[in-house]
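All remarks here apply to the structure that follows.
In my numbering, the protein residues as written are 9 to 325.
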């Protein structure tokens with residue numbers, strides 16, 4: 009059934025008919041004030057506010073409410089700018105990455121100690137954006153911290169070739185210190201703390217392919233305490249085989265977005281290895297991944313704050 013103004017009039021007329029000897033009493037034009045019917049016979053009052061509100065809501069809602077889910081942060085910004093008011097705010101949840109705009113949040117100021125608080129609001133008209141992790145971040149997070157065979161390690165290195173970022177001359181050998189940027193200096197500090205050096209992708213690829221060549225040979229490991237890097241010595245196990253030696257770096261760099269459509273973050277990756285019988289196992293671990301994730305969330309939240317000119321709170325509501 010389609011509700012029109014005539015339907016609402018019929019509803020009101022029905023109420024009046026049921027109370028033919030009554031008088032409608034309204035306490036003002038404010039929609040928050042109730043409406044009564046006064047019976048002349050017994051001088052009773054009947055509150056008909058809910059019945060009238062239900063009839064009016066069929067034609068048009070009394071106020072905005074509900075939650076809209078946005079798939080891009082720019083869409084949340086546009087949604088917010090469309091519906092925001094003087095009491096609108098933003099909430100950023102860093103634990104379960106999301107950004108929420110509440111258009112009808114409580115007004116600013118202290119609560120009223122007695123009676124109805126004029127600053128209180130329903131806080132139920134919302135737009136929500138959940139930060140979606142990028143495919144690159146998912147792939148690295150799934151691989152990070154797990155011991156893998158040489159074959160699995162090599163396959164991952166080649167599959168993720170586009171993610172690797174070769175170190176700058178300053179990060180590779182310390183040259184150009186005067187021109188080094190702040191992010192380079194921070195990464196150099198990381199390498200110093202971890203007693204390592206950043207390897208190029210080519211060197212990692214050579215490691216991967218060298219492991220394939222010697223996969224049937226017995227491996228022995230040796231570590232250089234000065235650089236943190238290691239060596240794998242392969243012993244010939246069959247007549248006609250040649251042994252060999254492979255240098256193992258302990259750090260690499262990748263540049264990947266944390267979230268879809270986000271900026272790429274340069275992250276150190278730690279490379280570890282351990283003996284596994286006559287074989288060797290490898291492990292790649294994202295260094296300080298949580299910090300990169302927090303930084304990416306904050307970057308998105310601050311972008312929304314600037315674009316909407318709304319207060320931003322870190323937390324949940």
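Glycine residues also receive a C-beta, built at the ideal position from the N, C-alpha and C atoms.
Proximity below 8 Å, CB of residue i to CB of residue j
i	j	result
residue 96	residue 109	yes
residue 295	residue 266	no
residue 259	residue 300	no
residue 98	residue 324	no
residue 292	residue 152	yes
residue 127	residue 206	no
residue 179	residue 192	yes
residue 304	residue 84	no
residue 208	residue 175	yes
residue 318	residue 92	yes
residue 78	residue 137	yes
Burial state of residue i (16 or more Cβ within 10 Å)
i	result
residue 271	exposed
residue 43	buried
residue 69	exposed
residue 154	exposed
residue 53	exposed
residue 172	buried
residue 184	exposed
residue 227	Caution is warranted here: a pLDDT of 48 is assigned to residue 227, below 50, making its placement in the model unreliable, and no coordinate value can be reported.
residue 182	exposed
residue 290	buried
residue 119	exposed
residue 41	exposed
residue 123	exposed
residue 162	buried
residue 56	buried
residue 200	exposed
Residue of the options minimising C-alpha distance to residue i
i	options	result
residue 74	304, 18, 112 and 203	112
residue 322	84, 71, 101 and 89	101
residue 8	81, 105 and 59	The shown model of the chain, from 9 to 325, leaves out residue 8, and the question about it has no answer.
residue 133	290, 172 and 76	76
residue 147	138, 165, 183 and 83	165
residue 203	314, 59 and 279	279
residue 158	310, 199, 288 and 307	288
residue 22	55, 41 and 59	59
residue 115	121, 107, 123 and 131	131
residue 256	269, 216 and 62	216
residue 269	308, 91, 302 and 209	308
residue 88	117, 197 and 135	135
residue 210	194, 187, 196 and 168	168
residue 139	66, 92, 81 and 124	81
residue 282	91, 117, 156 and 64	156
residue 170	145, 66 and 67	145
Local conformation of residue i per DSSP, three classes
i	result
residue 106	strand
residue 150	helix
residue 307	helix
residue 54	strand
residue 198	helix
residue 124	coil
residue 324	coil
residue 41	coil
residue 317	coil
residue 260	strand
residue 271	coil
residue 118	coil
residue 312	helix
What are the start and end residues of each continuous beta strand (DSSP E) run of 3 or more residues lying completely inside the segment 61 to 111, in chain order? 74 to 78, 97 to 101 and 106 to 110
Which ranges does the alpha helix (DSSP H) cover as unbroken runs of at least 4 residues, wholly within the segment 154 to 212, from first to last along the chain? 158 to 167, 177 to 181 and 190 to 201
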